[in-house]
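Trainee: Anchor point for the sequence shown: position 338 equals 325 in the numbering used here, and the numbering is continuous, going up by one each time.
Positions of the beta carbon are idealized from the N, C-alpha and C atoms, including for glycine.
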Amino acid sequence: MPPTILKSRVSEGSPYPLGANWDGLGVNFSLFSANATKVELCLFDNTGANELERIELPEYTNEVWHGYLPDARPGTTYGYRVHGPYEPDAGHRFNPNKLVLDPYAKAHVGSLEWNPAVFGYTMGKEDTTFDDRDSARFMPKSRVIDPAFTWGRERAPSVPWDRTIVYETHVRGYTKMHPAVPEHLRGTYAGLGRKEVVDYIKSLGVTSVELLPIHTFANDSYLLDKGLTNYWGYNSIGFFAPDPRYSAVPDFVFSEFKEMVARLHDAGLEVILDVVYNHTAEGNENGPTLSFRGIDNLSYYRLIADQPRYYINDTGTGNTLNMSHARVVQMVTDSLRYWATEMRVDGFRFDLGTILAREHDGFNEAHGFLQSCLQDPVLSSTKLIAEPWDIGPGGYQVGRFPPGWAEWNDKFRDTVRSYWKGDSGKQAAMATRLSASADEFAHRGRKSWASVNFITAHDGFTLNDLVSYNEKHNDANGEDGRDGHSDNQSWNCGTEGPTDDAEIVALRERQKRNMLATLLLAQGTPMLLAGDEFGRTQDGNNNAYCQDNEISWVNWNFGEKEVELAEFARRVIVLRQSFPILRRSRFLTGEYNQDLDVRDVRWLSPSGQDIEDAQWGDSNARCFGMLLDGRAQASGIKRPAMDATALLVLNAHHDVVNFALPEVVGGKLWRCLLDTNNPDTGSDESFQTGETYEITGRSLVLFVLEPESQRSVALRRAIEGFRQMAERPIPMATPEAGPEAERALSDGAEITPP
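#1: Go ahead and pull the three-state DSSP assignment for L508.
#2: CA-CA distance, N22 and G71?
#3: Would you mind sorting L12 into buried or exposed? The rule is 16 or more other CB atoms within 10 Å of its CB.
#4: Which class does A444 belong to by DSSP, given the choice of helix, strand or coil?
#5: Just grab the DSSP bridge partners of W543 for me.
#6: Rounded to whole angstroms, what is the Cα-Cα separation between G654 and L660?
#7: Contact between the region 430 to 438 and the region 595 to 613 is defined here as three or more beta-carbon pairs at a separation below 8 Å; is this criterion met?
#8: Suppose you measure from the CA of S572 to the CA of Q510; what does that come to, to the nearest Å?
#9: Could you tell me the alpha carbon to alpha carbon distance between L56 and V69, rounded to whole angstroms?
#10: Just the Cα atoms here: how many angstroms apart are H202 and R232?
#11: Assuming L575 is part of the alpha helix (DSSP H), what are its boundary residues?
#12: Determine the DSSP secondary structure at T683, reduced to helix, strand or coil.
#13: Fully enclosed by the region 214 to 249, which beta strand (DSSP E) runs are 3 residues long or longer?
#14: With the cut-off set at 7 Å, would you say S424 and S438 are in Cβ contact?
#15: In three-state terms, what does DSSP make of W486?
#16: Smallest Cα separation from L30: which of V87, R289, T48, H79?
#17: According to DSSP, is R41 part of a helix, a strand, or is it coil?
#18: What runs of the beta strand (DSSP E), each 3 residues or longer, lie entirely inside the region 266 to 339?
#19: In this structure, how does DSSP classify V158 when only helix, strand and coil are distinguished?
#20: Roughly how many whole angstroms lie between the Cα atoms of A631 and I560?
#21: Going by Cα to Cα distance, which pick from Y298, P593, D253, R159 is closest to Y532?
#22: Can you name the start and end residues of the alpha helix (DSSP H) that M712 belongs to?
#23: Rounding to the nearest angstrom, what Cα-Cα distance links W407 and Q414 in this structure?
#24: What number of angstroms, rounded off, separates the C-alpha of A167 from the C-alpha of F136?
#25: Alpha carbon to alpha carbon, how far is I491 from G409?
#26: For M613, which three-state DSSP category applies?
#27: Please go through the same chain and pick out, in chain order, the residues whose beta-carbon is closer than 8 Å to the beta-carbon of T482, but skip the five residues on each side of it.
#28: Classify Y221: buried if its beta carbon has 16 or more other beta carbons within 10 angstroms, exposed otherwise.
#29: So, are the CB atoms of N440 and L506 less than 7 Å apart?
#30: Find the nearest neighbour of N664 within the set E681, V652, V651, E650, judged by alpha-carbon distance.
#31: In this structure, how does DSSP classify P2 when only helix, strand and coil are distinguished?
#32: Cα separation between S(-2) and E46?
#33: For the putative contact between H366 and L357, defined by C-beta atoms under 8 Å, what is the C-beta separation to the nearest angstrom?
#34: What is the DSSP secondary structure of V559, reduced to helix, strand or coil?
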């Protein structure tokens, strides 16, 4: 029996904007469905447990159902029942017995309970059957919000791409074990916004915090049955609502999120969201009816053309959002604008981004969605980063996104890993990756920042585990080792897992420094996985997606070794930000510029001579230099630059290599600013051109030329940055240090940007 109808006042309202929007006098409700025959708005009490009223939306305009309730207010809890044909073989799965979430809801209350009633068909039977059980009491609900928030002095950092250093982390995992964060705030937006946490991130020198998905998501039933959870959150069910599980006060999660953004912005840190617009939590034809399926399955999902009962699964998750439908594109762009304007985030990383540009015949770089982002006055000014692959046909599209987009570059990851592992024949590929992968990105006026370089990310080994394990160790996932990548290009340096062997420990630490330095000194945009700067481990688990526990959480219990690595990472970041030559927007070509009598990059053999074309094929060569000439043209204006000249030398050979320091125009002294074999090396040691420098086996060295005619501004900035580092050690908090560590964190020590 339906509940008693209380007959709230309702008027026609407006089809726009979509969702439930409070105007100060009442709430306008608007829902797109091209194939529904009737839409009922269901109102609930504040807990979401009791349905109070059903109201038929009275108007249907341009495939949008809408109505206005002057009696509704912020805090109103609601859902929809959508009527229409239940014809799975025709792609329709309407079932008004199933309460569905508003796709545009700004807040969710309650959680999904996996009960047979949330499925549109009778479980245990074919998905063509019809289930008439009411799902409302097992469903989360949508809630109307008042978006008012006092932002105060908050200003977007607007970090230029060439200065951007991305720091990927997880809202919950980053602070769940942080001793300076009060217990009740750990794992929350408020916890991430704590001064102690923000000060630490700022002190590293990174510029942009990228958060794993925070859109409301559903926990997979098969994980819950095993006592696990969807920790990463790549299972979205609401694209406008921050997940309340990450909130200290769930009823005000939207305000708590905004306060976190304001605190990060106040420290000059950008906020980038990892967003999942490629699929939803409803799965395939055997999945539940939670929102889109029950609202308009045929419009929202990509279905097999001649068998619309079944879903196209280019995502590997059961379904694929139909980005060929104008209303679906509208929903995604509306969501992005909402987060960019109302929530003031600075950019987005698009999970399985190739899906966003898929048509029936495959990926299309001229897809309307990609183009709409670039012409949109809001979105065109945000950072747009694609994960340029999916599992569908032709899904690998690295370098194929249009101008204005940046892309994750897995070729950088794989090449750097294999090079430092000591694989043969990787020198030429390594040179290409150090140059921002011009082979993939140098077209259509794109800049070098389009290559988002990374060596580790949430998916895969941490940096520590990359040098500690040859094999994945995913037993805790309960999948008998079938999950996670098996080809990790990792090397345990002689023994699997933790060891007390001093030589192996020393080699592992040097390998970590090698890869951190390679990442941060290469051309392009570096992305650092949170915790890699101090050697966080997941005990060899390379697919911790379901581990909401100490396997995934950041462990802030540091030892001396961890602090030293973090200080090293900080030092390299100071170098990158001090020397414009290390972060040029123009792609390096190596071609001779006759007008300026210079080449922007030269590749040198250990003899200090240019590597000839035939030498690149030497599979035994593992040591080379990258000479970046500071006189080379830095922009479209044809004039010499005034940058410092730098020499980066990489030696993946197991033994010492004597490297002759080359003669170059502008100076005769090379100052050594970084040596991964001697991470505490100062900036006072200089060498004459023509001298040889002993490059330790498996190490990296950075030299900068001291100009003869004038002092180097960039070198001065770097030395000042090092001085500040010495005066203000990185703020760490450890359980052993207790109150002293918390006081150190609260000092707010940071490096002034050079």
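Mentor: In this structure, then:
#1: helix
#2: 7 Å
#3: exposed
#4: coil
#5: W543 pairs with nothing; no bridge assigned.
#6: 16 Å
#7: no
#8: 8 Å
#9: 18 Å
#10: 10 Å
#11: Premise fails: L575 is in no alpha helix (DSSP H) and is neither H nor E.
#12: coil
#13: 223 to 229
#14: yes
#15: It should be noted that the sequence gives Thr, not Trp, for residue 486. Here T486 sits in coil by DSSP.
#16: V87
#17: strand
#18: 294 to 298, 334 to 337
#19: helix
#20: 17 Å
#21: R159
#22: 700 to 714
#23: 10 Å
#24: 27 Å
#25: 16 Å
#26: strand
#27: D488, I491
#28: buried
#29: yes
#30: E681
#31: coil
#32: 9 Å
#33: One detail in the question is off: residue 366 reads as Leu in this sequence, not His. Wrong, their Cβ atoms sit about 11 Å apart, outside the cutoff.
#34: helix
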